[in-house]
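Asks:
Residue numbers (my numbering), protein chains in the order written: chain A, 1 to 202; chain B, 1001 to 1202.
#1: Heavy atom of the ligand ATP less than 6 Å from the Cβ of residue 30 of chain A, yes or no?
#2: Step through the CB atoms of chain B and report whether any lies within less than 7 Å of the CB of residue 19 of chain A.
#3: Cβ of residue 189 of chain A within 7 Å of Cβ of residue 1189 of chain B?
#4: Go through the stretch 1065-1147 of chain B residue by residue and report every complete run of the alpha helix (DSSP H) that reaches 4 residues or more, in order.
#5: Do you know how far the Cα of residue 45 of chain A is from the Cα of residue 83 of chain A?
#6: How far does the alpha helix (DSSP H) with residue 1184 of chain B in it reach, from first residue to last?
#7: To which residues of the same chain is residue 94 of chain A closer than 6 Å at the C-beta, ignoring the five residues directly before and after it?
#8: Relative to the alpha-carbon of residue 172 of chain A, which residue among A:8, A:11, A:10, A:16 has its alpha-carbon at the smallest distance?
#9: Consider the Cβ of residue 1062 of chain B: report whether some Cβ of chain A lies at a distance smaller than 7 Å.
#10: Classify residue 1101 of chain B as buried or exposed, calling it buried when 16 or more other Cβ atoms lie within 10 Å of its own Cβ.
#11: If contacts are defined as beta-carbon pairs under 8 Å, then residue 155 of chain A and residue 9 of chain A qualify, I think. What distance do you get, rounded to the angstrom?
#12: What do you get for residue 1019 of chain B, buried or exposed, if any count of 16 or more other CB atoms within 10 angstroms of its CB means buried?
#13: Looking only at its chain, what residues have a beta carbon closer than 8 Å to the beta carbon of residue 1118 of chain B, apart from the 5 residues adjacent to it on each side?
#14: Taking the straight line between their C-alpha atoms, what separation do you get for residue 25 of chain A and residue 167 of chain A?
#15: Which partner residues does residue 13 of chain A have in the DSSP bridge list?
#16: I need the boundaries of the beta strand (DSSP E) containing residue 196 of chain A, first residue and last residue.
#17: Quick one, which residues of the stretch 98-124 of chain A are near chain B if we go by CB-CB under 9 Å, in chain order?
#18: Output the boundary residues of the alpha helix (DSSP H) element that contains residue 40 of chain A.
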């Protein structure tokens, strides 16, 4: 009888321009995210019907399946203004912030818990909420960088958009002089987007 | 009778870490270039026997075949100290510099011509030398950025190394606020490296 319990995987899944930006200088995510909006698996969690069910849609769905909790930074939360009444997460979300605040229970299974004790506390709470499912560190860039620098990310899927944005918010920045080796585990391309998946080698 | 002469293609073919660096902070290219050194198609132009003849080797060979001239920046030339008696280019090379200097004829078909009149002059001279073959803008980053900003690059193949370098010389930097749309034309992955090819949309 195997009593070992696998630790939940901590994942990053994000769209980046070929020149390394996940948003423009004013936080704009179009045209980077244009590949998403027509996909059935993007539309469904946003309460929208229809959409394509092609390979890109399957890859997005696969990335969201088995995610039991989400971590994000206060700035990303504020930019989206809490995503309205029915946010697209449908799981517990832990928001890194310096301001204590009561949890928010939204419709459709999304709860926002505001964590003031730092990234390790948020991860511990996300693990407890996720059960045997994975944890998505959803952004923004600064939050992902903090988790990467702390060696807490297990897997990254980077969707490379065919575009040089020129300016904006870099995904990989402020990581310091230490190399982080990766293992490429999958590459799938469509005309719209190239999905590159990596394990972080520890 | 078709008298139209196709313009030679201007290409970038370079290895970049997933976080966007083509060299470390002290210009070090290992471990980024580690995938190259064991390939027969890298070893042969460097005067070395043997090596792997796998898909990575084929892709590298394909990238070098049909290149009739090379353009590079003075800093890259100086860093490599002219590549010794038998440089690995084996075609005419045009070096962007501010200091006029006599051309250098090396062994094995490489000539270095020093161009003080700027990037368009270097390209015109490279076109004349390349005939119906392509032109490689080989680096460094600053030189590639100048040609990209001027709208003079037709195709880019970026070999994404599975590594976050953290610091160093970014390939895509200083490009300004204008988006440059790309068309993804191929993605091929091996465990060592992911080859992404793009057309620059004009």
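All C-beta atoms in this analysis are idealised placements derived from N, C-alpha and C, irrespective of residue type, glycine included. Just so you know, these numbers come straight off a predicted model, no measurement behind them.
Replies: Concretely, from the data shown:
#1: The ligand content of the structure shown is nil, which means the ligand ATP is not present either.
#2: Position 19 of the first chain, counting from 1, holds the residue named residue 19 of chain A. Yes, contact with chain B.
#3: Counting from 1 along the first chain, the entry for residue 189 of chain A is found at position 189. Counting from 1 along the second chain, the entry for residue 1189 of chain B is found at position 189. Taking 7 Å as the Cβ cut-off, residue 189 of chain A and residue 1189 of chain B do not qualify as a contacting pair.
#4: 1074-1079, 1119-1130
#5: To locate residue 83 of chain A, count along the first chain from 1; it is residue 83. To locate residue 45 of chain A, count along the first chain from 1; it is residue 45. Between residue 83 of chain A and residue 45 of chain A, the C-alpha separation is close to 12 Å.
#6: Locating residue 1184 of chain B in the second chain gives position 184, where the first residue counts as 1. Residue 1184 of chain B -> not in any alpha helix (DSSP H); beta strand (DSSP E) instead, spanning 1180-1189.
#7: Reading the first chain from its first residue, position 94 is the one you call residue 94 of chain A. Here the set comprises 71, 113, 115, 122, 125, 126.
#8: Indexing the first chain from 1 puts residue 172 of chain A at position 172. Selected option, being the one with the closest Cα: A:16.
#9: On the second chain, residue 1062 of chain B is found 62 positions in, with the first residue counted as 1. So no, residue 1062 of chain B is outside the interface.
#10: The count along the second chain starts at 1 and reaches residue 1101 of chain B at position 101. Counting Cβ neighbours within 10 Å, residue 1101 of chain B comes out exposed, since fewer than 16 surround it.
#11: On the first chain, residue 155 of chain A is found 155 positions in, with the first residue counted as 1. On the first chain, residue 9 of chain A is found 9 positions in, with the first residue counted as 1. Residue 155 of chain A to residue 9 of chain A, Cβ: 6 Å. Contact.
#12: The residue labelled residue 1019 of chain B in the question sits at position 19 within the second chain. Buried, because 16 or more other Cβ atoms sit within 10 Å of the Cβ of residue 1019 of chain B.
#13: Numbered from its first residue, the second chain carries residue 1118 of chain B at position 118. Cβ within range, chain order: 1096.
#14: For the purposes of this step, residue 25 of chain A is taken as the residue at position 25 of the first chain. For the purposes of this step, residue 167 of chain A is taken as the residue at position 167 of the first chain. In a straight line, the C-alpha of residue 25 of chain A is about 6 Å away from that of residue 167 of chain A.
#15: Along the first chain, one-based indexing puts residue 13 of chain A at 13. Answer is A:157.
#16: Here residue 196 of chain A corresponds to residue number 196 of the first chain, with the count starting at 1. Looking at the DSSP string, the run of the beta strand (DSSP E) that includes residue 196 of chain A is 194-200.
#17: none
#18: Translated into positions along the first chain, residue 40 of chain A becomes position 40. Its alpha helix (DSSP H) spans residues 40-43.
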